[in-house]
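Just below is one structure, and these are the notes that go with it.
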Amino acid sequence: MALTSPYICLNCRWAPRYKVNQLQLRRNFSLSPRHHQILRPATAPKQTPDVKHIRQNVERYAQNCVDRNYAGHAGYPSQIQALSEEARQLDYDLKTPRSRAKQLEKTIAKLSIAARATGTNEPADTQNQEIAALKAEAQRLKDESAAMTTRKSTCTEEINRLALSLPNLSSSETPIGHTPRLINYLNFDPANPPAWTKNSPADLQSRSHVTIGTDLGLLDFTSSATTTGWGWYFLINEGAMLEQALIQYALSIARRRAWKAVSPPSIVYSYIADACGFQPRDQHNEQQIWSIEQNERDRDHKPQRSLTGTAEIPLAAMYAGRDIQATELPLKLAGSSRCYRAEAGSRGVDTKGLYRVHEFTKVELFAWADNVESDKATATSDDLFAELLDIQTEILTSLHLPCRVLEMPTGDLGASATRKRDIEALFPSRLRPSAAAPDTAIVDPAIQELESAWGEVTSASICTDYQSRRLGTRVRGGAVKESRFPHTVNGTAMAVPRVLACILENGFDPERGVVVIPEVLRPWMDGMETIGKKQ
Numbered sequence: 001m002a003l004t005s006p007y008i009c010l011n012c013r014w015a016p017r018y019k020v021n022q023l024q025l026r027r028n029f030s031l032s033p034r035h036h037q038i039l040r041p042a043t044a045p046k047q048t049p050d051v052k053h054i055r056q057n058v059e060r061y062a063q064n065c066v067d068r069n070y071a072g073h074a075g076y077p078s079q080i081q082a083l084s085e086e087a088r089q090l091d092y093d094l095k096t097p098r099s100r101a102k103q104l105e106k107t108i109a110k111l112s113i114a115a116r117a118t119g120t121n122e123p124a125d126t127q128n129q130e131i132a133a134l135k136a137e138a139q140r141l142k143d144e145s146a147a148m149t150t151r152k153s154t155c156t157e158e159i160n161r162l163a164l165s166l167p168n169l170s171s172s173e174t175p176i177g178h179t180p181r182l183i184n185y186l187n188f189d190p191a192n193p194p195a196w197t198k199n200s201p202a203d204l205q206s207r208s209h210v211t212i213g214t215d216l217g218l219l220d221f222t223s224s225a226t227t228t229g230w231g232w233y234f235l236i237n238e239g240a241m242l243e244q245a246l247i248q249y250a251l252s253i254a255r256r257r258a259w260k261a262v263s264p265p266s267i268v269y270s271y272i273a274d275a276c277g278f279q280p281r282d283q284h285n286e287q288q289i290w291s292i293e294q295n296e297r298d299r300d301h302k303p304q305r306s307l308t309g310t311a312e313i314p315l316a317a318m319y320a321g322r323d324i325q326a327t328e329l330p331l332k333l334a335g336s337s338r339c340y341r342a343e344a345g346s347r348g349v350d351t352k353g354l355y356r357v358h359e360f361t362k363v364e365l366f367a368w369a370d371n372v373e374s375d376k377a378t379a380t381s382d383d384l385f386a387e388l389l390d391i392q393t394e395i396l397t398s399l400h401l402p403c404r405v406l407e408m409p410t411g412d413l414g415a416s417a418t419r420k421r422d423i424e425a426l427f428p429s430r431l432r433p434s435a436a437a438p439d440t441a442i443v444d445p446a447i448q449e450l451e452s453a454w455g456e457v458t459s460a461s462i463c464t465d466y467q468s469r470r471l472g473t474r475v476r477g478g479a480v481k482e483s484r485f486p487h488t489v490n491g492t493a494m495a496v497p498r499v500l501a502c503i504l505e506n507g508f509d510p511e512r513g514v515v516v517i518p519e520v521l522r523p524w525m526d527g528m529e530t531i532g533k534k535q
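Written out as structure tokens, the structure is:
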């Protein structure tokens, strides 16, 4: 199995953030030539963009493209409107030649019958000439109709292509621009930051999860460099146990709230990933998805497959091309899977150790909700979004990790999300006391020096009907007779490498040389309270 790289997740971004140029570089939505070579077989779910809404809100969609760093797409809404007008005019213009052609066919039929019934050759010859002239005119009208029909079909295809290329409309809750809005802190008091924030650079380096994990025999990057290369790792001893403990703990919290556990595949058809908003190349034509190489015999007639960067993709596709009964909603799934990403960027603080890796385990939450109001107590996408955030908050709070919750801006949203909240944790090893905070960062004057130490550990998004329209998932029944497209929400319950790294760095006791294991994880750690050097 050969792979081509790389991939960046819409839901949970792992690149340096808040800098405009970096946001643009990791944009995973484009109309590159490679994108349009994705083979969609006849069995692929039908994609149904809301073209009517785009036509009725051209300026809104255009501005939304600008707000979300898709300036190159800003002209698409007006193009869609113009093509729609042309298609409607063609439809109207087709009525005349089609009507005339039908009349000619009737006349030709009558004259043909009369020509066969006549007893003399001369009248028959005259009639035959007239019939030939009428047939020529009918053929000309048919050719004109065929050309107009082809052009109309081309307009419709182009309308759909452009409409499917537009990012989702941003929520009114989403800040415009590139600066997130601070919501609140978890396990953190800005007036009393952790004592390690005053440590020297050397002391901070000693709190790096790479140093701690290597010294305690939990992490092995040397062996992985030999077996696979940079960006992979071995978790060993208590490190491997800690991974499983984090997975089981996250699943237990989700299942307690009636999220159904699922073990999804980590390989999907590339057109499925594309429909979810995960596209193979960014706007600079740089490849963003690990794709499985095909042999020459299969390339032109078998759809390509890709490795998934998150369980969101296969979970969303579980109901692709299917109907969901309104009584089944909300549907809530918690999927644990291996994830594959080719993280771009320089090898610095953001790429060292477990902070950005190519393969890892992640527990993802994904749910569908009806998109119509009901008198019954049926959860909406906003309700599920709030529940998802509660789960994330409970997990991180119980792990005693200092965090902050951010409402992410338009410049940071992926194609599918209308709204996104991230939770960032403090990583001692990321702290750069002399580093100035970027202009687009959240800066609290009381803790300005900590800005470089924050790193994303979870993300939660509402995608409205963006994914369901592209996956052909519909809701039937309930208060509304017509079928409709459900809303989807998704978010991280547990991204193992970063949370594991954060536990090592924040739970490290330098005096004893041990890592204190969060109490909630101990049932899956054979009751161990600390991880330390073997005597």
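If you use my numbering, the sequence shown corresponds to residues 1 to 535, in order. Every residue, glycine too, gets a C-beta built ideally from N, C-alpha and C. Small disclaimer: the values here were computed from a predicted structure and weren't measured.
Report buried or exposed for residue i, applying the criterion of at least 16 other Cβ atoms within 10 angstroms of its Cβ.
i, result
"V66", "exposed"
"H73", "buried"
"G348", "Any reading at G348 must be qualified, since the residue scores a pLDDT of 49, below 50, and its modelled position is unreliable; the value itself is stated next. Classification of G348: exposed, given that the 10 Å Cβ count is below 16."
"N192", "exposed"
"T327", "exposed"
"H301", "exposed"
"L182", "exposed"
"E157", "exposed"
"T492", "buried"
"V515", "buried"
"A369", "buried"
"G75", "exposed"
"T397", "exposed"
"T429", "Checking the displayed sequence, the identity of residue 429 turns out to be Ser instead of Thr. Counting Cβ neighbours within 10 Å, S429 comes out buried, since at least 16 surround it."
"E293", "exposed"
"K420", "buried"
"Y269", "buried"
"A386", "exposed"
"I447", "buried"
"N64", "buried"
"R522", "exposed"
"D203", "exposed"
"G321", "exposed"
"R207", "buried"
"G239", "buried"
"E519", "exposed"
Please look up how many angstroms separate the CB atoms of residue i and residue j, rounded, as I've assumed it's under 8 Å.
i, j, result
"A250", "V363", "4 Å"
"A334", "R255", "7 Å"
"I247", "M494", "6 Å"
"G231", "H358", "4 Å"
"S145", "P180", "Actually they do not touch by this definition, with Cβ atoms about 55 Å apart."
"G353", "A245", "At roughly 19 Å, the Cβ-Cβ gap does not stay under 8 Å, so G353 and A245 are not in contact."
Does the separation of the CB atoms of residue i and residue j fall below 7 Å?
i, j, result
"R476", "D323", "yes"
"K152", "L90", "yes"
"P264", "S337", "yes"
"T410", "R68", "yes"
"A163", "I272", "no"
"F427", "E505", "yes"
"P49", "L471", "no"
"L413", "F366", "no"
"P175", "Y70", "no"
"A415", "L431", "no"
"S381", "V262", "no"
"M318", "M525", "no"
"T308", "S266", "yes"
"L134", "R100", "no"
"E243", "V457", "no"
"I462", "T418", "yes"
"P438", "P41", "no"
"F485", "I212", "no"
"Y61", "P77", "yes"
"P433", "E449", "yes"
For residue i, verify whether its CB is less than 6 Å away from any heavy atom of the ligand PLP.
i, result
"I324", "Among the ligands in the structure shown, none appear at all, so the ligand PLP cannot be discussed."
Using DSSP's beta-bridge definition, name the partner residues of residue i.
i, result
"L219", "L235"
"C403", "L186, A425"
"T227", "Looking at the DSSP assignment, T227 forms no beta bridge with any residue, so it has no partner."
"G532", "V514"
"K420", "S461"
"R181", "E407"
Ranges of the alpha helix (DSSP H) found wholly within the stretch 441-520, counting only runs of at least 4: 466-471, 496-506
Considering only residues of the stretch 238-278, which uninterrupted beta strand (DSSP E) runs meet the minimum length of 3 residues and lie entirely inside it, listed in chain order? With a minimum length of 3 residues, the continuous beta strand (DSSP E) runs that stay inside the stretch 238-278 are 260-262, 267-269.
Which residue spans inside the stretch 296-372 form an unbroken beta strand (DSSP E) run of at least 3? Look at the stretch 296-372 and you find these whole runs of beta strand (DSSP E), each 3 residues long or longer: 305-307, 323-325, 331-340, 359-369.
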